[in-house]
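Colleague: Have a look at this one.
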Amino acid sequence: MEETLQDHFDELVLCARLGELDNVQEITRILQTTHPEFTQVAQILGAKNTQGNTALHMAAANGHQDVLRYLLDNLTPAQINQTNEQGNTALHWAAVAGKVDSIRLLLEKEADPLVKNSAGKTAITEAEQVGHDNVVSFLLDNVDDSKIKLNMDDDE
């Protein structure tokens, strides 16, 4: 049976989850060659798997820094804050997983820590709920206080 484009996207996301940078790059090369409609690498790397997650979600949540750097270097700013079906960004997932190194890289590339998921929670709130106090502190130390106040005012 021939692999579909979605099969390739699923495989790409799985390789990111497992930290297989070489495979992520190889799948990207294959898709660029076989699908000329992908004029930019970001179109491939930002694709969602059948569960609605991206390679960025998986690399960030699992702390695969080499894969995460590759993705961040090749994605557009909008894709860095791309949400899954539950409204979670890669930053939400890294926060829940307690991956401070992933969070640092995401913030360096302008990931927005105040994006709210479908449950109305930011990455900070999610980290707090699972007891990752170090993540909460790190995020609060790296977010502009005026943005936090504006976000809190929105909740009232």
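Taking this note's numbering, the leading residue of the sequence shown gets 359, the next gets one more, and so forth. Ideal placement from N, C-alpha and C gives every residue a C-beta, glycine not left out.
Which partner residues does residue 406 have in the DSSP bridge list?
Modeller: Paired residue(s): 412.
Colleague: Could you tell me whether the Cβ atoms of residue 422 and residue 456 are closer together than 9 Å?
Modeller: No, the pair does not count as a contact, with Cβ atoms beyond the cut-off.
Colleague: Can you list, in chain order, the residues of its chain whose CB lies under 8 Å from that of residue 442, leaving out five sequence neighbours each side?
Modeller: Same-chain partners within the cutoff: 406, 409, 410, 411, 412, 415.
Colleague: Within this structure, are the beta carbons of residue 473 and residue 490 separated by less than 9 Å?
Modeller: Contact: no.
Colleague: What residues in its chain sit with their C-beta under 7 Å from that of residue 444, if we drop five residues either side in the sequence?
Modeller: Same-chain partners within the cutoff: 475, 476.
Colleague: Is the CB-CB distance between residue 447 and residue 417 below 9 Å?
Modeller: Against a cut-off of 9 Å, the Cβ pair of residue 417 and residue 447 comes out as no contact.
Colleague: Ordered along the chain, which non-local residues of its own chain (more than five positions away) have a Cβ less than 7 Å from that of residue 432?
Modeller: Closer than 7 Å at the Cβ level, and outside the excluded window around residue 432, lie 399, 400, 403.
Colleague: Inspect the beta-carbon positions of residue 363 and residue 385 and report whether they are closer than 9 Å.
Modeller: Not in contact: residue 363 and residue 385 (Cβ atoms no closer than 9 Å).
Colleague: For residue 435, count neighbouring C-beta atoms within 10 Å of its own C-beta (all shown protein chains included) and say buried if the count is 16 or more, exposed if not.
Modeller: Counting Cβ neighbours within 10 Å, residue 435 comes out exposed, since fewer than 16 surround it.
Colleague: Under three-state DSSP, which class holds residue 465?
Modeller: Helix at residue 465.
Colleague: What are the boundary residues of the alpha helix (DSSP H) that residue 450 is part of?
Modeller: Residues 448 to 455.
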